[in-house]
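Notes follow the structure.
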Amino acid sequence: MVRHGQGVNIPDDALVTPSARDFLSELETSDNARALVAKNNANASNCAPLAPPAKPLTSKSPKSELESFFNSPYAHSLKLQICEMGHRLWKRAYVDGNGGNMAIRVGEDIALCTPTLVSKGSLQPEDLCLVDFEGNQLLGAKKRTSEILMHLQMMKRQPQAVATCHCHPPYATAFAVAGIAPPTCMLPEYEVFCSVGVAPYRTPGSADMGKLVAELTDQYNTILMANHGVVTWSHNNIEEAYWRMEIIEAYCRTIVVAGQLGKPINTFTGPQMKELLNIKQSLGFVDPRFGMKECELCDSGDWRPGATCPAPQSAEATIGLDPDAEAAVKAITDQILAQMK
Ligand SMILES: [Zn+2]
3 MVRHGQGVNI PDDALVTPSA RDFLSELETS DNARALVAKN NANASNCAPL
53 APPAKPLTSK SPKSELESFF NSPYAHSLKL QICEMGHRLW KRAYVDGNGG
103 NMAIRVGEDI ALCTPTLVSK GSLQPEDLCL VDFEGNQLLG AKKRTSEILM
153 HLQMMKRQPQ AVATCHCHPP YATAFAVAGI APPTCMLPEY EVFCSVGVAP
203 YRTPGSADMG KLVAELTDQY NTILMANHGV VTWSHNNIEE AYWRMEIIEA
253 YCRTIVVAGQ LGKPINTFTG PQMKELLNIK QSLGFVDPRF GMKECELCDS
303 GDWRPGATCP APQSAEATIG LDPDAEAAVK AITDQILAQM K
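So the sequence shown is residues 3 to 343, counted in the numbering used here.
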């Protein structure tokens with residue numbers, strides 16, 4: 003209709019195909035088209051995102067270009083995705099108070115991100131911010147999240163990182179509090195989608211915290227932040243970064259419950275694990291185990307649920323370990339046995 007000069011008076015109930023939506027999004031001058039695209043995206047947040055700007059933006063782009071991008075249907079579709087993930091985080095109780103934050107890389111050194119002091123359960127597209135990679139706010143009415151430096155340092159360090167997601171899901175955070183990565187070789191989904199490293203504790207929002215997390219992104223896409231929470235990244239989109247949260251949280255919950263069943267836990271064999279890692283590699287995900295031999299894969303385990311802990315040593319047991327005391331006990335025993343003859 004538009005091509006044939008009939009304007010963009012598309013009926014309200016029209017279904018817009020992805021290519022038609024792309025075409026409409028190019029009609030930057032038409033408010034009508036924009037409204038329709040935004041409405042269509044709001045109705046179907048799972049649709050493929052609209053095309054990014056033809057000319058990639060940087061923090062040095064003219065303010066007018068940044069503004070036109072920030073208010074474009076494409077940016078709106080990304081903001082809607084962030085809001086949708088925020089609502090899912092909140093519904094699943096992975097965030098508390100105003101906790102949790104997300105970012106999407108939208109140019110060489112710029113990112114869209116969530117604001118500070120807004121619950122992810124009520125996040126709206128107009129709450130989102132545009133920042134440069136130093137954390138300076140470029141656009142957006144609300145102030146950017148205080149934890150943005152970590153997201154940006156991850157993106158700087160890991161050029162593949164398109165989107166980052168941080169929150170505090172209770173079971174995975176429990177492992178972060180204990181300072182241990184969950185044991186491996188138990189569930190396929192977890193092994194394929196997550197590779198988990200542990201970053202030491204630093205004050206949230208500090209450059210030091212960001213640096214320590216960023217250093218792990220070469221090998222891990224899911225990072226437990228000691229005494230704090232979890233952060234994930236994806237080379238595809240924000241939804242995949244969010245999926246990693248669901249997967250690690252479900253995994254941690256499952257193994258905690260499995261550990262209470264009173265049976266030893268079954269794990270994959272080395273060859274079974276190798277097959278999963280092959281799938282993982284074909285999906286373009288990172289994992290430090292890609293080069294390992296089959297026999298090395300399922301051998302680690304700082305903590306295995308269901309494993310019996312060694313009983314605390316009693317005083318008598320300790321004596322048994324002392325060679326002098328052991329010799330004395332043997333001498334006395336021999337004496338008693340000799341008297342009994
Ligand atoms: Zn946090």
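The beta-carbon is built from N, C-alpha and C at its ideal position, and this holds for glycine as well.
Check, Outcome
"Just to confirm my understanding: we take Lys-122, look at its own chain, exclude 5 residues before and 5 after, and list those with CB closer than 6 Å. What are they?", "Gly-88, Leu-91, Trp-92, Val-97, Gly-102"
"What does the alpha-carbon distance come out to for the pair Lys-295 and Ala-340?", "57 Å"
"When the distance is taken between beta carbons, is Ala-105 closer than 9 Å to Ile-150?", "yes"
"With the cut-off set at 9 Å, would you say Leu-140 and Ile-112 are in Cβ contact?", "yes"
"Between which two residues does the alpha helix (DSSP H) carrying Ala-174 extend?", "172 to 180"
"For Asn-103, is the beta carbon positioned less than 8 Å from some heavy atom of ligand 1?", "yes"
"Can you say whether Asp-289 is buried or exposed, counting buried as having 16 or more other CB atoms within 10 angstroms of its CB?", "buried"
"Using DSSP bridges, identify the partner residues of Gly-199.", "Ile-225"
"Checking the sheet assignment: what are the DSSP bridge partners for Arg-146?", "Pro-117"
"Roughly how many angstroms lie between the CA atoms of Ala-35 and Thr-224, to the nearest whole one?", "Note that Ala-35 scores a pLDDT of 46, beneath 50, so its modelled location is shaky and nothing firm can be said."
"Under 8 Å by Cβ, that's how I've got Asn-100 and Thr-118 pegged, so tell me the actual separation to the nearest angstrom.", "7 Å"
"Looking at the structure shown, is Cys-187 part of a helix, part of a strand, or coil, going by DSSP?", "coil"
"Examine ligand 2 and report whether any of its heavy atoms sits within less than 8 Å of the Cβ of His-153.", "Because ligand 2 does not appear in the structure shown, any question about it cannot be addressed here, the ligands present being ligand 1."
"Mind checking if Ala-174 is an interface residue toward chain C, Cβ cutoff 9 Å exclusive?", "Going by chain labels, chain C is absent from the structure shown, which holds only one protein chain."
"Expressed to the nearest angstrom, what Euclidean distance is found between the alpha-carbon atoms of Asp-336 and Ala-330?", "10 Å"
"Measure the CB-CB distance between Gly-212 and Gln-155 and report whether it falls below 9 Å.", "yes"
"Any heavy atom of ligand 1 closer than 8 Å to the CB of Cys-85?", "no"
"Give a yes or no on whether the C-beta atoms belonging to Phe-72 and Leu-125 are separated by under 9 Å.", "no"
"Taking 9 Å as the cut-off, decide whether the C-beta atoms of Glu-241 and Pro-172 are in contact.", "no"
"Helix, strand or coil for Gly-88 per DSSP?", "helix"
"With a CB to CB cut of under 7 Å and the five nearest residues on each side skipped, what residues in its chain are close to Thr-269?", "Cys-187, Met-188, Cys-300"
"Quick one: using the 10 Å Cβ neighbour count with 16 as the cut-off for buried, is Met-157 buried or exposed?", "buried"
"Please confirm whether any heavy atom of ligand 1 lies closer than 8 Å to the CB of Pro-206.", "yes"
"For Leu-285, count neighbouring Cβ atoms within 10 angstroms of its own Cβ and tell me buried if that reaches 16, exposed if not.", "exposed"
"Tell me whether the beta-carbon of Pro-75 lies closer than 9 Å to the beta-carbon of Leu-59.", "no"
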